[in-house]
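J.:
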DNA sequence: TAGTTATGTAATATATAAATTGCATTAAGT
DNA sequence: ACTTAATGCAATTTATATATTACATAACTA
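Residue numbers (the numbering used here), protein chains in the order written: chain E, 1 to 63; chain H, 1 to 63.
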């Protein structure tokens, strides 16, 4: 599950912990999702996208 | 978790069972996701989108 | 009427997402 | 050299996504 969360997060100058708090998960969960080793739920994907002012396609879609 | 899977599925003239087979889940899982009562994983969301020739935003994003 | 297809739904079991805790490393600042 | 902040990572536990099995109904059709 590759994604572009880390890029978007750093662009917004957020740490993993800050993003985690915004979307109500732990820092570890964010770290593992960024690494692509997790298969997050849709609800969490949407929360992360909104927290970073991106859409699902921005962060998770690859043609 | 509202979504537009059912509309896209019917447009492609697929039954729930046919779509389920394409994405390797059970018919029941598709039914529950269409009803919005499930919170599917990103991997499954992507599989469904590709099977229906849509993107994540097409099916799951609402502003 | 009987049989088939598509769908809804419920109970239980299994797989896995996510939490929790803890420790290690790196880089920045003092 | 000593903090502190940010991140990586591993083991275990808990919550929940999904499978499995089964039964129900509505629409169609032979």
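Using N, Cα and C, we set each Cβ at its ideal position, and we do this for glycine too.
Taking 8 Å as the cut-off, does the region 25–45 of chain H touch the region 30–48 of chain E (at least 3 CB pairs, one atom from each stretch)?
T.: Contact between the region 30–48 of chain E and the region 25–45 of chain H is present, because at least three Cβ pairs lie under 8 Å.
J.: Within 10 Å of its beta-carbon, does residue 17 of chain E have 16 or more other beta-carbons around it, so buried, or fewer, so exposed?
T.: Label assigned to residue 17 of chain E: exposed.
J.: Name, please, each residue of chain E whose Cβ falls closer than 8 Å to the Cβ of residue 43 of chain H.
T.: Going along chain E in sequence order, the residues near residue 43 of chain H (Cβ under 8 Å) are 1 and 39.
J.: Please say whether residue 23 of chain E and residue 49 of chain E have beta carbons closer to each other than 7 Å?
T.: Cβ atoms of residue 49 of chain E and residue 23 of chain E: not closer than 7 Å.
J.: For the alpha helix (DSSP H) that contains residue 9 of chain E, what are its first and last residues?
T.: Per DSSP, residue 9 of chain E belongs to the alpha helix (DSSP H) from 5–11.
J.: Counting only Cβ-Cβ distances shorter than 7 Å, please list the residues of the region 13–32 of chain E near chain H, keeping chain order.
T.: Those residues of the region 13–32 of chain E that come within reach of chain H (Cβ to Cβ, closer than 7 Å) do not exist; the list is empty.
J.: Assuming residue 56 of chain H and residue 46 of chain H are in contact, meaning their beta carbons sit under 8 Å apart, how far apart are those beta carbons, in whole angstroms?
T.: Confirmed, Cβ separation roughly 7 Å.
J.: For residue 57 of chain E and chain H, any beta-carbon pair shorter than 7 Å?
T.: Yes, because at least one Cβ of chain H sits closer than 7 Å to the Cβ of residue 57 of chain E.
J.: Can you tell me whether DSSP reads residue 55 of chain E as helix, strand or coil?
T.: Residue state, collapsed to three classes: coil.
J.: Can you name, in chain order, every residue of its own chain whose Cβ lies under 8 Å from the Cβ of residue 3 of chain E, other than the five neighbours on each side?
T.: Closer than 8 Å at Cβ, skipping near neighbours: 33, 34, 36, 59 and 60.
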